[in-house]
Amino acid sequence: MPKITQKKMLTQDMLELHLEKPEGLDYQAGQFVQFEIPVEGQIVKRSYSLASTPSDEDLSFCIKILPQQLNGPASAYLPTLSVGDEIAIGPVRGRFCVSEPSDLVLIATGAGIAPIIGIVRDELENRGTPKNVYLLFGLRHEDDVFWKDVFDQLVERYPNFHYTLTLSRPSDTWTGTRGRVTDHVQNHIDNDAKYFLCGSPNMVKDVRSFLVEQKVDPKKIHFEIF
Ligand SMILES: Cc1cc2nc3c(=O)[nH]c(=O)nc-3n(C[C@H](O)[C@H](O)[C@H](O)COP(=O)(O)OP(=O)(O)OC[C@H]3O[C@@H](n4cnc5c(N)ncnc54)[C@H](O)[C@@H]3O)c2cc1C
6 MPKITQKKML TQDMLELHLE KPEGLDYQAG QFVQFEIPVE GQIVKRSYSL
56 ASTPSDEDLS FCIKILPQQL NGPASAYLPT LSVGDEIAIG PVRGRFCVSE
106 PSDLVLIATG AGIAPIIGIV RDELENRGTP KNVYLLFGLR HEDDVFWKDV
156 FDQLVERYPN FHYTLTLSRP SDTWTGTRGR VTDHVQNHID NDAKYFLCGS
206 PNMVKDVRSF LVEQKVDPKK IHFEIF
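Take 6 as the starting number for the sequence shown in the working numbering and just add one per residue.
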């Protein structure tokens with residue numbers, strides 16, 4: 006069983022977890038694994054997208070901890086673990102992956118950024134894509150913001166990477182982009198691009214419908230719903 010190598014709260018409800026990469030485990034950016042969560046002598050499985058890239062030393066994850074009243078077993082269990090503890094994971098699964106190079110429009114809300122950051126870093130750092138990579142990332146409030154420094158550094162380093170963070174319920178002093186991701190998708194229509202959407206069922210449904218209305222080929226719209 007892989008050991009936890011790093012654990013930190015990114016915001017009050019977003020957990021970044023790193024696990025040792027088991028020997029021989031191969032994966033593509035955007036795939037996921039299932040964690041085995043012990044609950045009262047039984048095991049329940051919960052899926053988590055890999056936020057790391059295949060060349061990273063560890064596996065990393067970005068996990069939203071649900072409020073206690075929802076009684077989510079993983080949300081109750083994962084925060085109790087410490088560095089050095091072990092957790093069982095299943096085989097790599099999923100097809101939320103980039104096959105050949107093309108312009109990419111990546112749209113995420115909340116923990117939906119997990120597979121997307123893996124895809125962004127893999128395209129830029131490992132595959133050296135010459136194509137444009139656009140990221141539209143939606144969160145609610147300034148207090149929910151995380152990994153801004155990571156994306157800002159990628160923008161500085163890769164001229165073909167473009168990043169918009171939008172907040173749906175910012176405070177009055179927020180000077181950045183405002184609104185839901187659906188308010189900004191119209192600025193990201195590119196009929197040659199491939200689209201990768203990840204987040205809540207409503208966001209994915211609304212963005213997908215809008216793209217199809219704009220004549221984006223549905224085969225070019227990939228999505229993962231949490
Ligand atoms: C392919 C795949 C990849 C995933 N990757 C990630 C990931 O990278 N990061 C991540 O955080 N999650 C991810 N998830 C979701 C994850 O598997 C769990 O569902 C989530 O962590 C909640 O687990 P839990 O055991 O705490 O609660 P659950 O037992 O799943 O849910 C408890 C209760 O909360 C409700 N609920 C569940 N999710 C939400 C929500 N977001 N908002 C409001 N109510 C909710 C449920 O309907 C239920 O009533 C992924 C899911 C899939 C299918």
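By construction, the Cβ of each residue, glycine as well, lies at the ideal position given by its N, Cα and C atoms.
Practice task
Please report how far the alpha carbon of glutamate 130 lies from the alpha carbon of glutamine 219, in whole angstroms.
Solution key: Going by the C-alpha atoms only, they are around 31 angstroms apart.
Exercise for the section: Would you mind stating whether histidine 189 and threonine 169 have Cβ atoms separated by less than 8 angstroms? Expected result: Going by beta carbons, histidine 189 and threonine 169 fall inside the 8 angstroms limit.
Problem - Collapsed DSSP secondary structure at phenylalanine 215 in the structure displayed - result: Here phenylalanine 215 carries a helix assignment [DSSP, helix/strand/coil].
Practice task
Could you tell me whether the Cβ atoms of glutamate 117 and phenylalanine 231 are closer together than 8 angstroms?
Solution key: Checking the sequence shown, residue 117 turns out to be glycine, not glutamate. Taking 8 angstroms as the Cβ cut-off, glycine 117 and phenylalanine 231 qualify as a contacting pair.
Practice task
In the DSSP assignment, find the unbroken beta strand (DSSP E) run with glutamate 21 in it and report its ends.
Solution key: In the DSSP annotation of this structure, the continuous segment of the beta strand (DSSP E) that includes glutamate 21 starts and ends at 19-25.
Exercise for the section: Quick one: using the 10 Å Cβ neighbour count with 16 as the cut-off for buried, is arginine 100 buried or exposed? Expected result: Exposed, because fewer than 16 other Cβ atoms sit within 10 Å of the Cβ of arginine 100.
Handout entry: Alpha carbon of proline 96 to alpha carbon of tyrosine 32, nearest angstrom
Key = When rounded, the separation of the alpha-carbon atoms in proline 96 and tyrosine 32 is 10 angstroms.
Problem - From Pro78, Leu30 and Pro59, residue whose alpha carbon lies closest to that of serine 52 - result: The shortest C-alpha separation from serine 52 is found at Pro78.
Problem - Candidates Thr171, Lys225 and Ala113: closest to methionine 208 by CA position - result: Closest option to methionine 208, Cα to Cα, is Ala113.
Exercise for the section: Write down every uninterrupted run of the beta strand (DSSP E) in the region 160-185 whose length is 3 residues or greater and which is fully enclosed by it, in chain order. Expected result: Fully enclosed beta strand (DSSP E) runs of 3 or longer: 166-172.
Problem - Length of the line joining the Cα atoms of tyrosine 163 and glutamate 45 - result: Cα to Cα, tyrosine 163 sits roughly 48 angstroms from glutamate 45.
Practice task
Kindly provide the ranges of any alpha helix (DSSP H) runs that are 4 or more residues long and lie completely inside the region 96-161, ordered along the chain.
Solution key: DSSP runs (the alpha helix (DSSP H)) wholly in the region 96-161: 118-126.
Exercise for the section: Would you check whether ligand 1 has a heavy atom nearer than 7 angstroms to the C-beta of lysine 69? Expected result: At least one heavy atom of ligand 1 is found less than 7 angstroms from the C-beta of lysine 69.
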